[in-house]
Amino acid sequence: MKIVSVVGARPNFMKIAPLKRAIDEFNSKDHSLFEHILVHTGQHYDENMSKVFFEDLELPEPDYYLGVGGGSHAEQTARIILAFEKILLKEIPDIVVVVGDVNSTMACSITAVKMGIKVAHVEAGLRSFDRTMPEEINRIITDSISDILFVSEPSGILNLNNEGIPADKVAFVGNIMIDSLIYYLNKNKNSSLLDRFKLKGNSYCLVTLHRPSNVDNKESIEKIINFLNDLSSKIKIFFPVHPRTYNNFIKYSLLNNLKDEIILSEPLGYLDFISALKEAKFVLTDSGGIQEESTFLGIPCITLRNTTERPVTVEVGSNYLAGENVEKAFEYAENILAGNYKNGKIPELWDGNTAQRIVNVLYEKLVRSL
Ligand code: UD1
């Protein structure tokens, strides 16, 4: 059984690493049943957005690197489709596994389905119901053409059912990104991050922002800078800056508007980031994955978005949705600093065994059904 799995952008790497490990484990018990080929589209290409994750997550060099980074959505998507088709023509896999909601996810699933190759989507069914988000379009398209849909939280089952996806295509397996988190927390590889940035545990707010709705136009990014400046009088701020956000700081000449006491850094690798997160007093973010990781760790999270496609993090976990309303976010931050916050609970099946469940389903559906 030949599996081609796809990574493209930063949030994909920690979802494919556990799958690779689970396939290797399965093979060691069952005579190398699966052949696994890893394709990196190159959507993210900077050393600290990609290479460091391969090292931290012990991923092997990809079998194919498509080098399609940068450009508009149309350019990126089109280049991925053209390059990925060539790989599929050569490899003729039994199934393509895509993860998450980035442009690479959608582009590779379309390519495979058009060639009559099955697609499995890991992290299916999440919906923000906000079609201005590029990821929402990627999710809807990928789910609508996938053959196996692996769901991470209960809302996913409901959403797919409402969209008429047959229940026998859907498997609730839990959150594969949490597999990576548990694995590396247990390995306890200590990162020197706190020392390097002179940070003390439980005494700083970790900030990550990169959504186009927050950082692409001058007015919103200025509003956020003012908010961070205000917040920095209450708590130390540590802000690893995503390339999109950094490019916009430069484009609008705003980098110098951030107060000096805000600690900026380049984007962090995986091990550094989980250290920064687990030691933070709270996190302020617009990322999807960080809402989930903070929920698992019980760290309060303030999300600067109007919607979340991961409602379990608000309903069960430690996440607060502030919208794009910085006053609301400030209020949440003050409450957290005063000790008023929810610790939340760990959602169902976020237990470190999601990748194993996925491989078992692939085995049942691809091998046993033959
Ligand atoms: C992408 C995903 C988003 C995910 C995010 C995580 C889509 C639609 N969006 O957004 O869901 O949360 O990744 O980071 O797929 N750039 C660099 N170096 C890099 C990567 C990007 O300079 O290594 C620059 C690009 O050239 C571009 C900008 O950053 O100008 C945005 O990159 P892009 O891949 O288009 O989307 P992200 O904002 O990173």
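Start counting the sequence shown at 714; every next residue gets the next number (this note's numbering).
Where a beta carbon is used, it is the ideal one built from N, C-alpha and C, also for glycine.
Query: Burial state of ALA1035, where buried means 16 or more other Cβ atoms lie within 10 Å; Result: buried
Query: Where SER785 sits in the DSSP three-state scheme; Result: coil
Query: Where GLU768 falls: helix, strand or coil (DSSP); Result: helix
Query: DSSP three-state assignment for ASN915, whether helix, strand or coil; Result: coil
Query: Simplified DSSP state of SER745, which is helix, strand or coil; Result: coil
Query: CA nearest to the CA of VAL812, picked from HIS786, ILE861 and ILE1049; Result: ILE861
Query: Inter-residue CB distance, ALA1111 and LEU1075 (contact presumed, cutoff 8 Å); Result: Residue 1111 is absent from the model: the chain starts at 714 and stops at 1083.
Query: Option nearest ALA1068 by Cα separation, candidates VAL717, GLU1028, PHE739 and VAL765; Result: PHE739
Query: For HIS955: DSSP bridge partner residues; Result: For HIS955, which the question treats as bridged, DSSP gives no partner whatsoever.
Query: Cα-Cα separation between ILE794 and ASP985, rounded to whole angstroms; Result: 33 Å
Query: Alpha-carbon to alpha-carbon, LEU1010 and GLY887; Result: 16 Å
Query: Inter-residue spacing [alpha-carbon to alpha-carbon] between VAL996 and LEU990; Result: 7 Å
Query: Unbroken beta strand (DSSP E) run spanning LEU906, endpoints; Result: Premise fails: LEU906 lies in the alpha helix (DSSP H), 906-909, not in any beta strand (DSSP E).
Query: Check whether ARG924 and ARG840 have beta carbons under 8 Å apart; Result: no
Query: Secondary structure of ASN1032, DSSP reduced to three states; Result: strand
Query: Buried or exposed (CB count within 10 angstroms, at least 16 for buried), ASN725; Result: buried
Query: Strand pairing of LEU990, partner residues [DSSP]; Result: Per DSSP, none; premise fails for LEU990.
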